[in-house]
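Asker: Sharing a structure, written as structure tokens. Questions coming.
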Amino acid sequence: MNDKKLASMAVEAKKKSFANFSNFHVGAALLTENDELYLGANIENSSYSLTICAERTAVFQAILDGHRKFKAIAIASDFEDYCPPCGACRQVLMDLCGKDLDVIMVNKKEEIITHKLSELLPLSFNEEYLK
Ligand code: THU
Numbered sequence: 082m083n084d085k086k087l088a089s090m091a092v093e094a095k096k097k098s099f100a101n102f103s104n105f106h107v108g109a110a111l112l113t114e115n116d117e118l119y120l121g122a123n124i125e126n127s128s129y130s131l132t133i134c135a136e137r138t139a140v141f142q143a144i145l146d147g148h149r150k151f152k153a154i155a156i157a158s159d160f161e162d163y164c165p166p167c168g169a170c171r172q173v174l175m176d177l178c179g180k181d182l183d184v185i186m187v188n189k190k191e192e193i194i195t196h197k198l199s200e201l202l203p204l205s206f207n208e209e210y211l212k
């Protein structure tokens with residue numbers, strides 16, 4: 082699957098968003114090494130800090146299904162500009178998907194920009210420190 086197609090799947094996943102408080106709907110599409118697709122969307126909570134981002138719903142589901150290697154994640158929102166992953170999601174993606182993950186950000190016109198996760202989270206704390 083190419084980056085554009087993965088981006089369109091993130092836009093599709095956004096429809097599943099439960100964002101009753103911020104009204105900021107986010108969708109994510111995660112591609113495994115075997116080209117399996119996992120969709121995610123943000124799920125908000127009245128106790129705001131319990132909210133979970135789109136990226137993490139997608140990656141946690143993939144991990145639960147036994148996947149350990151990933152190629153790319155696309156992230157889409159209703160915002161005009163590209164939607165970058167939050168800091169917490171960058172850390173989770175670093176741990177579970179690794180520094181070479183392609184992070185594809187989608188803007189409202191469905192244009193994309195792609196960065197390696199290592200560019201978005203340089204000097205990261207990671208599992209190497211715990212060995
Ligand atoms: N959000 C995501 O789903 N992913 C991000 O990387 C940025 C933020 C969600 C969390 C919350 O539901 C809403 O966007 C506003 O912060």
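In the numbering used here, the protein residues as written are 82 to 212. Ideal Cβ placement from N, Cα and C applies to all residues, glycine included. Computed from a predicted structure; not experimentally measured.
#1: Compute the minimum distance between the beta carbon of P203 and the heavy atoms of the ligand THU, and state whether it is under 7 Å.
#2: Cα separation between G108 and S89?
#3: Just to check, is the beta-carbon of E136 closer than 7 Å to a non-hydrogen atom of the ligand THU?
#4: For A109, list the residues DSSP reports as bridge partners.
#5: Give a yes or no on whether the C-beta atoms belonging to I185 and A155 are separated by under 8 Å.
#6: Closest Cβ-Cβ distance between L198 and chain B: below 8 Å?
#7: Closer than 8 Å is the cut-off here; do at least three beta carbon pairs connect the region 112-122 with the region 161-173?
#8: CA-CA distance, K180 and A157?
#9: Alpha carbon to alpha carbon, what distance is there between Y210 and L204?
#10: Could you tell me which of A143, S127 and K189 sits nearest to C178, measuring between CA atoms?
Answerer: In short, the structure shows the following:
#1: no
#2: 10 Å
#3: yes
#4: G121 and I156
#5: yes
#6: Absent from the structure: chain B. Only one protein chain is present.
#7: no
#8: 21 Å
#9: 12 Å
#10: A143
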